[in-house]
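I have placed the structure first, in the form of structure tokens, so that the comments after it can refer back to it.
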Amino acid sequence: MPVDTSQPYDDSNIFARILRGEIPAAKVYEDDWALAFNDIAPQAPTHVLVIPKGAYVCWDDFAAQASDAEIAGYVRAIGIVARQLGVDTPGYRLLANCGLDSHQEVPHLHVHLFAGRKLGHMLVPE
Ligand code: 5GP
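Take -13 as the starting number for the sequence shown in the numbering used here and just add one per residue.
Here it is in structure tokens:
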């Protein structure tokens, strides 16, 4: 069910539960600001989700509400993950779905990191 980002943060969402350690995830990286783990249904040889540790529904919510330290920490963590995975060359794609039209499914901000094959054009043509 796509996320309606006009709704407040729902503390029972699956990524909040992963952050609390209530359900397992294949962890790739963690620091004070972010957690990265493998997507449960990978769409590329490398498909990692990077999430902030704070309670934010989507990117614009995060940009408006998070502290400068949270934003810097999260953005840096995404870059660290890319380099630690060794995908900075030959390259990777970052994608963040936000809201109903994007078909965001989990209402906790996450950036998808895809790599490991030619990723094609940005969007599938209609
Ligand atoms: P969205 O459509 O919200 O941008 O992407 C949500 C992503 O979360 C999907 O790629 C989906 O496979 C992944 N996902 C959903 N539930 C789980 C889970 O319990 N564990 C992990 N590791 N990934 C999940």
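Glycine included, C-beta positions come from ideal geometry on N, C-alpha and C. Keep in mind it's a predicted model, so treat the numbers as computed, not measured.
Of all the options the options, which has the alpha carbon lying nearest to the alpha carbon of residue i?
{"i": "Cys84", "options": "Gly72, His98, Leu71, Arg6", "result": "His98"}
{"i": "Leu109", "options": "Arg79, Pro93, Asp25", "result": "Arg79"}
{"i": "Val61", "options": "Leu105, Ala82, Gln90", "result": "Ala82"}
{"i": "Val(-11)", "options": "Ala30, Val36, Tyr42", "result": "Tyr42"}
{"i": "Arg3", "options": "Met(-13), Gln90, Ile37", "result": "Ile37"}
Quick one: what's residue i bridged to in DSSP?
{"i": "Val97", "result": "Val36"}
{"i": "Asn24", "result": "Val34"}
{"i": "Tyr15", "result": "Ala22"}
Touch test, the stretch 10 to 22 against the stretch 59 to 72, Cβ-Cβ under 8 angstroms, three pairs minimum: yes
Report the residue ranges of all alpha helix (DSSP H) runs contained in full by the stretch 65 to 93; include only those spanning at least 4 residues, in chain order. none
If we count Cβ pairs, one from each stretch, closer than 8 angstroms, do we get three or more for the stretch 5 to 18 versus the stretch 44 to 53? no
Tell me the start and end of each unbroken alpha helix (DSSP H) in the stretch 43 to 67 that is at least 4 residues and wholly inside, in chain order. 45 to 51
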